[in-house]
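Read in full-length UniProt numbering, the sequence shown has 49 at position 49, and its numbers run on one by one without any break. The C-beta atom is built at its ideal place from N, Cα and C for all residues, glycine as well.
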Amino acid sequence: MKILIGALVLVGAGYIAVKITAGPDHQQFDAYLQAGQTCFDTHNFACALDNAGLALKQDRNEPRALSLLQRAQAAQERQQQKLEAEQKQQQLKIQADEAARQDNAQREQAALDRQRQEAADRQIREQQLQQASRAVNASLQQAQNALNAGEYQSAIAVAKVVLGMDSNNARARSIIRQAEQQLKEALNRTRIE
Numbered sequence: 001m002k003i004l005i006g007a008l009v010l011v012g013a014g015y016i017a018v019k020i021t022a023g024p025d026h027q028q029f030d031a032y033l034q035a036g037q038t039c040f041d042t043h044n045f046a047c048a049l050d051n052a053g054l055a056l057k058q059d060r061n062e063p064r065a066l067s068l069l070q071r072a073q074a075a076q077e078r079q080q081q082k083l084e085a086e087q088k089q090q091q092l093k094i095q096a097d098e099a100a101r102q103d104n105a106q107r108e109q110a111a112l113d114r115q116r117q118e119a120a121d122r123q124i125r126e127q128q129l130q131q132a133s134r135a136v137n138a139s140l141q142q143a144q145n146a147l148n149a150g151e152y153q154s155a156i157a158v159a160k161v162v163l164g165m166d167s168n169n170a171r172a173r174s175i176i177r178q179a180e181q182q183l184k185e186a187l188n189r190t191r192i193e
């Protein structure tokens, strides 16, 4: 009987020793698991993974710790994919904004270039008109001088050059009429004489 009681005492002591040594480990496991779950609930998946890993060091096969690890890994991957998608969307928006800005700048530059070209063309036309007007006036003066000098053929020729530049020039037509009239009169006088 003493042997039986001794054996029971030994078994009981061993059981108590196992319980005492297992107690703190199980409490630590629960603490890691609880901390990991709290991190998971607050979307701090790196923290959840760390705590699930620490819990699994205590008990490699514990299903709750394995589940937390798998859920945290999946959630972290989804979070990373979402972050990458948001960054890509932001980058696309930045690129679209930049493309729109460049397009607007190009359109504004094209409009400015067009305005400058139109202004330059207007200025050239005005200069050409002024030069043509001066040339017409100079030719008209030359035709008038020839008419006044009795050089009727020369007056007619110069006045016709003016009509080539300005077909509606009334002064050139008048000089031609006067020169032709005076030329006829001069021819008639020479016949009479």
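Can you tell me whether DSSP reads T190 as helix, strand or coil? DSSP places T190 within a helical segment (H, G or I) once states are collapsed to three.
Find the nearest neighbour of L54 within the set R71, Q95, G36, H43, judged by alpha-carbon distance. Sorting R71, Q95, G36, H43 by C-alpha distance to the C-alpha of L54 places G36 at the top.
Under 8 Å Cβ to Cβ from N137, same chain only, skipping five residues before and after it: list those, please. Non-local C-beta neighbours of N137 in its own chain, meaning closer than 8 Å and more than five positions away in sequence, are absent.
Quick check on the DSSP output: the alpha helix (DSSP H) that includes A55 runs from which residue to which? Unbroken alpha helix (DSSP H) run through A55: 45 to 58.
Using 8 Å as the cut-off, can you tell me whether the stretch 96 to 104 makes contact with the stretch 126 to 133, which would need three or more C-beta pairs spanning the two stretches below that distance? No, the stretch 96 to 104 does not touch the stretch 126 to 133.
A149, DSSP secondary structure in three states: DSSP, reduced to helix, strand and coil, places A149 outside both helices and strands of the structure shown, so it counts as coil.
Contact check, L83 vs L69, beta carbons under 8 Å: Cβ distance not < 8 Å, so L83 and L69 don't count as in contact.
Leaving out five residues before and five after Q79 in sequence, what residues of the same chain have Cβ atoms less than 8 Å from its Cβ? Excluding positions up to five away in sequence, the list reads H43, F45.
Is it right to say S67 is buried, meaning 16 or more other beta carbons lie within 10 angstroms of its own, or is it exposed? Flag for S67 reads exposed.
Alpha carbon to alpha carbon, what distance is there between D103 and Q117? If I take the Cα positions, the gap works out to 21 Å.
Beta carbon of D59, beta carbon of F40: below 8 Å? No, Cβ-Cβ distance for D59 and F40 is not below 8 Å.
Let me know the secondary structure DSSP gives D166 once reduced to three states. In the three-state reduction of the DSSP assignment, D166 falls in the coil class.
Please classify N137: does DSSP put it in a helix, a strand, or coil? Looking at N137 - three-state DSSP - the assignment turns out to be helix.
Quick one: grab the DSSP three-state call for Q182. Residue state, collapsed to three classes: helix.
Cα-Cα, which of M165, L140, G164, D166 is closest to A155? Taking each of M165, L140, G164, D166 in turn and checking the Cα distance to A155, the smallest one comes out for L140.
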